[in-house]
Amino acid sequence: MRKVESSDKSPNPALRLRRFTPAAALRIGKMITKFMTEVTAKFNPFSTCAKPARLFLTFLPPDVRMNGTAVHTSLLPRNSPESSSLKVKFKDGKEMDFNCSKINIKGLVEEVDRHSRQLQKAADLSE
């Protein structure tokens, strides 16, 4: 009998996917950052509602600042009553402001990508 070498003991591939977090599953699809001009995140790092803002910042590629996007982060104090927020500005002038306590990371990425795809389509048609 042939032995299967794997880093995971489970022979079922579906069970191996469990160790990936939902954030890692979202990372499979790349977020379109070409049309963003500014990203501003304000969050309390100790709060649970800060998770969408923190994960959104991790989805940005490492060279996003070199491509002309300004990234600003503000950390709120631990006992701040203000909720976490994320603001994204695009090249066409549109600003999206998100309250992170009311939206999850999947919804956040979908909203930003929806507008980025519209800008991508307009750029492709103008060329």
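Quick note: my numbering has the sequence shown finishing at residue 134, numbered continuously throughout. By construction, the Cβ of each residue, glycine as well, lies at the ideal position given by its N, Cα and C atoms.
Opening and closing residue of the beta strand (DSSP E) in which residue i lies
i, result
"residue 104", "102-106"
"residue 92", "92-97"
"residue 49", "43-50"
"residue 80", "77-82"
8 angstroms Cβ cutoff met for residue i and residue j
i, j, result
"residue 48", "residue 64", "yes"
"residue 130", "residue 91", "no"
"residue 51", "residue 108", "no"
"residue 83", "residue 115", "no"
"residue 40", "residue 62", "no"
Inter-residue CB distance, residue i and residue j (contact presumed, cutoff 8 angstroms)
i, j, result
"residue 38", "residue 95", "Between residue 95 and residue 38 the Cβ distance is about 11 angstroms, and since that is not below 8 angstroms, they are no contact."
"residue 126", "residue 99", "6 angstroms"
N- and C-terminal bounds of the alpha helix (DSSP H) containing residue i
i, result
"residue 65", "58-66"
"residue 133", "112-133"
Minimum Cβ-Cβ distance from residue i to chain D less than 8 angstroms
i, result
"residue 68", "Of the chains in the structure shown, none is chain D; there is only one protein chain."
Euclidean distance between Cα positions of residue i and residue j
i, j, result
"residue 74", "residue 45", "11 angstroms"
"residue 105", "residue 97", "14 angstroms"
"residue 55", "residue 111", "11 angstroms"
"residue 80", "residue 122", "22 angstroms"
"residue 32", "residue 134", "Because the pLDDT of residue 32 is 49, which lies under 50, any placement of that residue in the model is unreliable, and the number read from its coordinates should be weighed accordingly. Roughly 33 angstroms separates the two Cα atoms."
"residue 72", "residue 89", "27 angstroms"
"residue 101", "residue 60", "19 angstroms"
"residue 124", "residue 69", "21 angstroms"
"residue 103", "residue 120", "12 angstroms"
"residue 113", "residue 53", "21 angstroms"
"residue 128", "residue 85", "42 angstroms"
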